[in-house]
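Enquirer:
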Amino acid sequence: MQQPNANDPKRANKIVRYKAQPAGGPGDDPTPDYMNLLGMIFSMCGLMMKLKWCAWVAVYCSFISFANSRTTDDTKQMLSSFMLSISAVVMSYLQNPQPMQPPW
Amino acid sequence: MKPVWFLLFALFCLSVSYAGSKKHDAFVEDNDFAEFEEFEDEEDGVVNDESDDDVQEPVKQPVENEEMQEFDDEQEEEEDEDPLSDDEFEHLHDEEEFENFDREKDTPKGKSPDKLPDLQMAKVPLHLRTSWDSFYLEMLMIAGLTVYFLNFLAGKNKNCKLATAWLSAHKELLETQFSIVGDDGVAKEVTSGVLMKESENVYTLWCSGRTCVEGMLVELKLLKRQDLINLLLRIFKPASDQVIVKVDLDDGKMDNFVFCVAQKRSAAKLHKDMNDLSQFTERKSSEKFDMPVSYQLLSEVGEATSAVLDKKVCQMLTKHEGVIEYIHISDQFSGPKVQEDTQPTKMPDTKACLMFCFTIPGKGKTRASDMEDLKPLLQLVFYCVDKVSRLQLSREARMKAEKNRQKAEEMFLKAAHTQRQELAQQRREERKRAEKERLMAEEDPDRARKLEDRENRRESKKKQPKMKMMKIKAM
Numbered sequence: 001m002q003q004p005n006a007n008d009p010k011r012a013n014k015i016v017r018y019k020a021q022p023a024g025g026p027g028d029d030p031t032p033d034y035m036n037l038l039g040m041i042f043s044m045c046g047l048m049m050k051l052k053w054c055a056w057v058a059v060y061c062s063f064i065s066f067a068n069s070r071t072t073d074d075t076k077q078m079l080s081s082f083m084l085s086i087s088a089v090v091m092s093y094l095q096n097p098q099p100m101q102p103p104w
Numbered sequence: 001m002k003p004v005w006f007l008l009f010a011l012f013c014l015s016v017s018y019a020g021s022k023k024h025d026a027f028v029e030d031n032d033f034a035e036f037e038e039f040e041d042e043e044d045g046v047v048n049d050e051s052d053d054d055v056q057e058p059v060k061q062p063v064e065n066e067e068m069q070e071f072d073d074e075q076e077e078e079e080d081e082d083p084l085s086d087d088e089f090e091h092l093h094d095e096e097e098f099e100n101f102d103r104e105k106d107t108p109k110g111k112s113p114d115k116l117p118d119l120q121m122a123k124v125p126l127h128l129r130t131s132w133d134s135f136y137l138e139m140l141m142i143a144g145l146t147v148y149f150l151n152f153l154a155g156k157n158k159n160c161k162l163a164t165a166w167l168s169a170h171k172e173l174l175e176t177q178f179s180i181v182g183d184d185g186v187a188k189e190v191t192s193g194v195l196m197k198e199s200e201n202v203y204t205l206w207c208s209g210r211t212c213v214e215g216m217l218v219e220l221k222l223l224k225r226q227d228l229i230n231l232l233l234r235i236f237k238p239a240s241d242q243v244i245v246k247v248d249l250d251d252g253k254m255d256n257f258v259f260c261v262a263q264k265r266s267a268a269k270l271h272k273d274m275n276d277l278s279q280f281t282e283r284k285s286s287e288k289f290d291m292p293v294s295y296q297l298l299s300e301v302g303e304a305t306s307a308v309l310d311k312k313v314c315q316m317l318t319k320h321e322g323v324i325e326y327i328h329i330s331d332q333f334s335g336p337k338v339q340e341d342t343q344p345t346k347m348p349d350t351k352a353c354l355m356f357c358f359t360i361p362g363k364g365k366t367r368a369s370d371m372e373d374l375k376p377l378l379q380l381v382f383y384c385v386d387k388v389s390r391l392q393l394s395r396e397a398r399m400k401a402e403k404n405r406q407k408a409e410e411m412f413l414k415a416a417h418t419q420r421q422e423l424a425q426q427r428r429e430e431r432k433r434a435e436k437e438r439l440m441a442e443e444d445p446d447r448a449r450k451l452e453d454r455e456n457r458r459e460s461k462k463k464q465p466k467m468k469m470m471k472i473k474a475m
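Listed in order, the protein sequences are those of chains A and B.
Each residue of the first sequence is one higher than the one before, counting from 1 in UniProt numbering.
Each residue of the second sequence is one higher than the one before, counting from 1 in UniProt numbering.
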């Protein structure tokens with residue numbers, strides 16, 4: 001399977017630059033986008049209905065979205081989602097400093 | 001005599017008050033909580049007044065209390081008969097209110113059993129009794145986040161290590177085949193040796209500068225080791241790292257045919273999802289080829305299939321059975337089917353390319369040293385590329401392929417045409433409906449009549465032109 005030395009397959013004059021694939025497509029993993037959205041929804045629920053567990057779940061969703069994100073994704077969006085979830089947690093505890101009660 | 005008695009009494013009071021000051025705090029505390037205790041209605045006001053009195057004259061009450069304790073036996077009945085003092089200091093009679101109380105507890109109980117309030121534990125609000133123990137759920141959450149973050153770092157590093165190990169193992173081979181290995185397309189000058197990171201688990205490498213080949217994109221689709229949730233899911237559904245190699249051929253370098261050999265688990269999905277495979281290929285039996293039964297053959301032109309599946313390729317398929325996921329060779333490659341409601345008006349762009357998918361063995365437990373074992377597979381890629389570019393089909397095979405492509409194009413155009421017709425019909429109907437609605441909505445009867453006349457004239461004009469043209473022709 002080796003190329004004979006006389007026929008070097010390399011062609012320096014045939015170089016084609018890499019063209020980045022356009023973002024988005026059916027093969028793309030939608031997890032980071034879903035988790036981002038879910039995180040924002042949970043943050044809003046936690047802030048408005050003063051539910052501590054919602055705020056904590058929002059932090060987790062933001063984290064999962066960050067872990068699964070692509071390098072082409074907007075970091076500003078990720079950061080804003082993170083900040084929103086942390087603010088939801090902080091606000092819930094400022095308004096009601098009691099610890100979370102387990103459902104059982 | 002009387003002043004002497006008074007002086008003695010005052011001295012006695014002072015001494016008692018000193019002794020009683022030790023009990024003062026408890027007493028005051030009790031009185032603080034006494035505010036939260038439920039008393040009978042008539043005493044509510046009295047209790048409030050009493051609390052004010054407590055603040056102002058803390059000494060007086062313990063003195064009075066002590067007094068009552070001392071002279072209780074003698075003055076029992078007197079205090080009973082005095083209703084005002086009973087109401088005010090009733091709680092003082094209750095011996096159980098006081099700590100470190102030495103007197104017998106029998107006598108006070110006999111006093112006024114029906115007026116003694118039930119002893120209630122004061123409800124202390126939660127935030128006044130905070131200790132870190134009560135925040136155990138929060139601690140659990142923070143611990144979970146820490147674990148996730150640590151796993152993120154570990155997974156990210158592992159993936160990075162695997163990707164660089166693959167590159168270092170294959171770089172030499174790639175550099176013998178390509179002029180540049182690892183261009184990122186960003187810098188002005190052509191760069192080399194850049195392994196692009198698409199995400200924490202996907203790395204790509206672009207190689208270019210070879211005969212017959214426009215470029216080769218190697219995609220390292222590693223497992224999501226950086227995501228703890230994915231890690232837990234993989235406990236139930238094991239998965240493996242994959243290496244996907246896509247070689248874009250120069251135009252005209254490949255004869256027209258579509259071919260695919262894939263593991264049975266992937267073959268069905270590819271046949272359904274890929275545009276070219278679903279349009280041109282059929283399932284064929286792989287009996288006459290010396291390859292494992294776990295592979296499914298999808299072929300358009302039998303001659304091309306036999307040419308591609310020569311002895312060497314079949315040997316590789318047998319030797320690396322679990323590793324080679326699929327080999328897809330096509331001159332009409334346009335990606336997977338796009339799920340759209342409307343039919344696209346133009347046929348999708350096609351490209352001649354070869355795609356190879358290799359599954360790294362180990363079910364996810366890949367080590368950096370395993371990358372060395374994948375070198376023969378990359379050599380298989382180059383072998384296939386050279387073979388396909390040199391392949392020349394017979395005339396019949398070429399005619400058959402050409403006919404297939406023409407048929408596919410015609411079907412596409414027909415579908416697009418019917419789609420366009422339907423759209424035009426829909427638009428016409430909508431316009432008519434809008435006109436009718438305008439007519440109905442018109443309140444002024446004259447204007448309504450005018451619009452109707454205009455509509456009728458328009459419709460009759462539409463029907464007339466054909467006849468008019470015929471008349472002219474006859475003339």
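Using N, Cα and C, we set each Cβ at its ideal position, and we do this for glycine too.
Report all residues from its chain with a CB closer than 8 Å to the CB of Gln21(A); omit the five preceding and five following residues, and keep chain order.
Expert: Around Gln21(A): no qualifying Cβ.
Enquirer: Return the residues of the segment 56 to 78 of chain A that lie within a Cβ-Cβ distance of less than 8 Å from chain C, sorted by chain order.
Expert: Considering every chain present, this structure includes no chain C. Its protein chains are A and B.
Enquirer: Give me the chain B residues within the contact set of Ile15(A), using Cβ-Cβ distance strictly less than 7 Å, ordered along the chain.
Expert: Near Ile15(A) (Cβ distances below 7 Å), the residues of chain B are Ser179, Ile180, Val190, Ser208, Gly209.
Enquirer: Nearest-angstrom Cα distance between Leu137(B) and Ile229(B)?
Expert: Taking the straight line from one Cα to the other gives about 20 Å.
Enquirer: Should Glu78(B) go down as buried or exposed, given a rule of 16 or more other Cβ atoms within 10 Å for buried?
Expert: Low confidence applies to Glu78(B): its pLDDT is 48, below 50, so where it sits in the model is not reliable, and the reading given next is rough at best. Counting Cβ neighbours within 10 Å, Glu78(B) comes out exposed, since fewer than 16 surround it.
Enquirer: Near Asp331(B), what residues of its chain come up, given a Cβ to Cβ distance below 6 Å and the 5 sequence neighbours on each side ignored?
Expert: Here the set comprises Met254, Asn256, Ala352.
Enquirer: Does Lys50(A) get closer than 9 Å to chain B when you measure Cβ to Cβ?
Expert: No, Lys50(A) lies away from the interface with chain B (no Cβ there is under 9 Å from its Cβ).
Enquirer: Can you look up Glu76(B) in the DSSP assignment and give me helix, strand or coil?
Expert: The predicted model places Glu76(B) with a pLDDT of 49, which falls under 50 and marks its position as unreliable; any figure quoted below should be read in that light. Of the three classes helix, strand and coil, the one that applies to Glu76(B) here is helix, per DSSP.
Enquirer: Could you say which of Asn151(B), Val147(B), Val194(B), Phe152(B) lies nearest to Ser168(B) if we only look at CA atoms?
Expert: Here the closest residue by C-alpha is Val194(B).
Enquirer: Reducing DSSP to helix, strand and coil, say where Arg11(A) ends up.
Expert: In this structure, Arg11(A) counts as coil in the three-state DSSP scheme.
Enquirer: Considering only the beta carbon of each residue, do Val245(B) and Leu217(B) sit closer than 9 Å?
Expert: Going by C-beta atoms, Val245(B) is nearer than 9 Å to Leu217(B).
Enquirer: Please determine, among Asp28(A), Gln98(A), Trp53(A), the residue with the shortest C-alpha to C-alpha distance to Leu39(A).
Expert: Note that residue 39(A) is Gly in the sequence shown here, rather than Leu. Considering only alpha carbons, the answer is Trp53(A).
Enquirer: Keeping to the same chain, check which residues put their C-beta closer than 7 Å to that of Asp184(B); ignore five residues upstream and five downstream.
Expert: Closer than 7 Å at Cβ, skipping near neighbours: Thr191, Val194, Met196.
Enquirer: Would you check if the distance between the CB atom of Phe82(A) and the CB atom of Ser69(A) is smaller than 9 Å?
Expert: No; because the gap between Cβ atoms is not below 9 Å, this pair is not in contact.
Enquirer: Check whether the Cβ of Ala88(A) lies closer than 9 Å to any Cβ atom in chain B.
Expert: Closer than 9 Å: no.
Enquirer: Buried or exposed: where does Asp444(B) fall if 16 or more other Cβ atoms within 10 Å of its Cβ makes it buried?
Expert: By the 10 Å Cβ count, Asp444(B) comes out exposed.
Enquirer: Just checking: is the beta-carbon of Tyr18(A) within a distance shorter than 9 Å of some beta-carbon in chain B?
Expert: For Tyr18(A), the answer is yes, since a Cβ of chain B falls inside 9 Å of its Cβ.
Enquirer: Taking C-beta pairs closer than 9 Å, name the residues in chain B that Pro30(A) reaches, listed in chain order.
Expert: Near Pro30(A) there are no residues of chain B at all, since even the closest Cβ is about 13 Å away, more than 9 Å.
Enquirer: Measuring CB to CB, does Ile324(B) end up less than 9 Å from Ser240(B)?
Expert: No, the Cβ-Cβ distance between Ile324(B) and Ser240(B) is not below 9 Å.
Enquirer: Using DSSP with H/G/I as helix, E/B as strand and the rest coil, what is Asp251(B)?
Expert: Asp251(B): coil per DSSP, three-state reduction.
Enquirer: Using a Cβ-Cβ cut-off of less than 9 Å, list which residues of the segment 234 to 257 of chain B approach chain A; keep chain order.
Expert: Of all residues in the segment 234 to 257 of chain B, Asp248, Asp250 have a Cβ within less than 9 Å of some Cβ in chain A.
Enquirer: Based on DSSP bridge pairs, tell me the residues matched to Glu282(B).
Expert: Glu282(B) is bridged to Ser299(B).
Enquirer: Looking at C-alpha atoms only, which residue of Gln379(B), Lys387(B), Ser460(B) is the closest neighbour of Glu175(B)?
Expert: Minimum Cα distance to Glu175(B) is reached at Gln379(B).
Enquirer: Do the segment 208 to 217 of chain B and the segment 391 to 402 of chain B make contact, defined as three or more Cβ pairs closer than 8 Å?
Expert: No: the two stretches stay apart, fewer than three of their Cβ pairs being nearer than 8 Å.
Enquirer: Work out the CA separation of Lys363(B) and Pro238(B) for me, nearest whole Å.
Expert: For Pro238(B) and Lys363(B), the distance between alpha carbons rounds to 6 Å.
Enquirer: Put Met216(B) into one of helix, strand or coil per three-state DSSP.
Expert: Strand.
Enquirer: Go ahead and label Asp118(B) buried or exposed: buried means 16 or more other beta carbons lie within 10 angstroms of its beta carbon, across all protein chains shown.
Expert: By the neighbour-count rule (16 or more Cβ atoms within 10 Å), Asp118(B) is not buried but exposed.
Enquirer: The beta strand (DSSP E) spanning Trp206(B) covers which residue range?
Expert: Run containing Trp206(B): 202 to 208, per the beta strand (DSSP E) assignment.
Enquirer: From which residue to which residue does the beta strand (DSSP E) around Lys224(B) run?
Expert: Where Lys224(B) is concerned, there is no enclosing beta strand (DSSP E), given that its DSSP letter is neither H nor E.
Enquirer: Quick one: Cα of Met347(B) to Cα of Leu277(B), how far?
Expert: Each residue's Cα considered, the two are about 15 Å apart.
Enquirer: Kindly list, in the order they appear in chain B, the residues whose Cβ is closer than 7 Å to that of residue 105(A).
Expert: Nothing about residue 105(A) can be reported from this structure: the residues present for chain A run from 1 to 104 only.
Enquirer: Taking its Cβ as the centre, do 16 or more other Cβ atoms sit within 10 Å of Asp227(B), making it buried, or is it exposed?
Expert: Asp227(B) comes out buried.
Enquirer: Residues of chain A with CB under 9 Å from Leu317(B), in chain order?
Expert: Residues of chain A passing the Cβ test: none, with the nearest at roughly 14 Å.
Enquirer: Within the segment 301 to 383 of chain B, note down every full alpha helix (DSSP H) run reaching 4 residues or more, in order along the chain.
Expert: Within the segment 301 to 383 of chain B, the complete alpha helix (DSSP H) runs of at least 4 residues are 302 to 308, 311 to 319.
Enquirer: For Gly144(B), decide whether its Cβ has a neighbour in chain A, counting only Cβ atoms nearer than 9 Å.
Expert: True, the Cβ-Cβ gap to chain A drops below 9 Å.
Enquirer: Could you tell me which residues DSSP pairs with Lys197(B) in its beta bridges?
Expert: Tyr203(B).
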